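Peer 1: The structure that follows is given in the form of structure tokens.
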Amino acid sequence: MAKTTRSRSAERLVDILLELHLNGVVNRSALMEKFKITERTVYRDLNALSPIVEHTGNGLYRLIHSAQSPGGQGLHHTLANFLNAYSFFPERNTEFWQKLETRVDENHILILGNEAEHTLERDIRRHLTKVEKSIKNHNVCQIVYKGKTRLINPYKLINKKNIWYLQATENSRLKSFSLSQISWFDIQKTTFTPEENVLELLEKSLDPWVSEDTFAVKIFIKDNISHYFLRRDLLPEQELLEEQQGGVTLRCQAAHENQILPLLFYWLPHIQILEPSWLKEKLIRTLESYLAVERTPNNQVISIT
């Protein structure tokens, strides 16, 4: 099966990064010849690497930073940490990096993540520079989010399941704003002092759903699906309470009901909320609202009022 344009582009970027790491410089014309691509495509690839690559003239590009960081780690280690590669390959020794290019060429290993949002390219182009600047300089920002104007103090930009979120405080409350829902972003002249408790909370939690106000949820999961939850944490701060006949009981900590309910709906009827009662009632009311229809003799679905 022919490789997709996206996979070919990813392979070129890996190849360019390896050459930069080994030689410190790449030549634009040489890349065109090597990959049999147009100058426009080369520019697009190099632009994708612009945060770490700079043009030095005469079609040459080099790494902005030195190949070795102060801690002794090379650029490839820095990129691996930035992309959270540890989750997929815990052991990344010298042999791993030597085999990387061969693995890409042979295409025996494929890592698939969630598809990025359709507006990703537009959102990053419009907001990334301003967001990074405002976080670094602690500037108060005015945004228009879902049609509403807000004043926020930005702390961190996080990508979860290929969706970008801006974590910021609004009226001293920590919230996550989906980047695709921000239609206007303006940096104010006023600055703010980052709160230590917010910084600690963001450091501890790697989830866009983060808040100082969380609630515990106890869930019973039947045997036929329990292995999905036991092999990795599907719930925030997941904790196994009991393994019993017929299933397992888990506890987790949630910052918002929407952090839990969509997952529960997916696994119904093999999952059950034990506590808290208000969340269980919310799930039941939502289901009742969905099922509040009846079929006519002609199998037409009509709403019950």
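Throughout, my numbering is defined as the position within the sequence shown, counted from one, plus 30.
All C-beta atoms in this analysis are idealised placements derived from N, C-alpha and C, irrespective of residue type, glycine included.
Predicted, not measured: the structure shown is a model, and the values here were computed from it.
Please report the distance separating the alpha-carbon of HIS300 from that of LYS252.
Peer 2: Whole-angstrom Cα-Cα distance: 5 Å.
Peer 1: Could you give the C-beta distance for GLU273 and LEU280, rounded to a whole number, given that I count them as a contact under 8 Å?
Peer 2: In fact, because the Cβ distance is near 10 Å, the residues do not count as touching under 8 Å.
Peer 1: Can you tell which of ASN114, VAL55, GLN289 has the C-alpha that lies nearest to the C-alpha of SER94?
Peer 2: The identity of residue 94 in the sequence shown is Ile, whereas the question assumes Ser. Checked all of ASN114, VAL55, GLN289; the closest Cα to ILE94 is VAL55.
Peer 1: Excluding the five sequence neighbours on either side, which residues of its own chain have a C-beta within less than 8 Å of the C-beta of ILE165, listed in chain order?
Peer 2: Cβ neighbours of ILE165 beyond the five flanking positions: PRO184, TYR185, LYS186, LEU187.
Peer 1: Starting from GLU233, trace the alpha helix (DSSP H) both ways and give me its first and last residue.
Peer 2: Residues 226 to 234.
Peer 1: If we ignore side chains and look at the alpha-carbon of each, how far apart do LEU232 and LEU158 end up?
Peer 2: The straight-line gap from Cα to Cα measures roughly 19 Å.
Peer 1: Determine the extent of the alpha helix (DSSP H) in which ARG155 is found, giving its start and end residues.
Peer 2: That run of the alpha helix (DSSP H) goes 150 to 167.
Peer 1: At what residue ranges does the region 50 to 79 contain a whole run of the beta strand (DSSP E), taking only runs of 3 or more?
Peer 2: Correct list: 55 to 57.
Peer 1: Going by the beta-carbon positions, is the gap between GLN302 and PHE250 smaller than 8 Å?
Peer 2: Yes, these two residues count as a Cβ contact at 8 Å.
Peer 1: Along the alpha helix (DSSP H) that carries LYS310, what are the first and last residues, could you check?
Peer 2: Counting along the chain, the alpha helix (DSSP H) containing LYS310 begins and ends at 307 to 321.
Peer 1: The alpha helix (DSSP H) spanning ASP135 covers which residue range?
Peer 2: Element bounds for ASP135: 124 to 136.
Peer 1: When the Cα of LEU130 is compared with those of ILE46, ASN167, GLN211, GLY177, which residue comes out closest?
Peer 2: Ranking ILE46, ASN167, GLN211, GLY177 by Cα distance to LEU130 puts ILE46 first.
Peer 1: Secondary structure at LEU280, three-state DSSP: helix, strand or coil?
Peer 2: Three-state DSSP puts LEU280 in a strand.
Peer 1: Could you give the first and the last residue of the continuous beta strand (DSSP E) run that contains ASN257?
Peer 2: The identity of residue 257 in the sequence shown is His, whereas the question assumes Asn. Where HIS257 is concerned, there is no enclosing beta strand (DSSP E), although the alpha helix (DSSP H) it sits in stretches over 253 to 261.
Peer 1: Spatial neighbours of TRP214 within its chain, please: C-beta separation below 7 Å, excluding the five flanking residues on both sides.
Peer 2: These residues qualify, in order along the chain: ILE173, VAL174.
Peer 1: Quick one: what's got a C-beta closer than 7 Å to PHE65's C-beta in the same chain, skipping five residues either side?
Peer 2: Closer than 7 Å at the Cβ level, and outside the excluded window around PHE65, lie ARG42.
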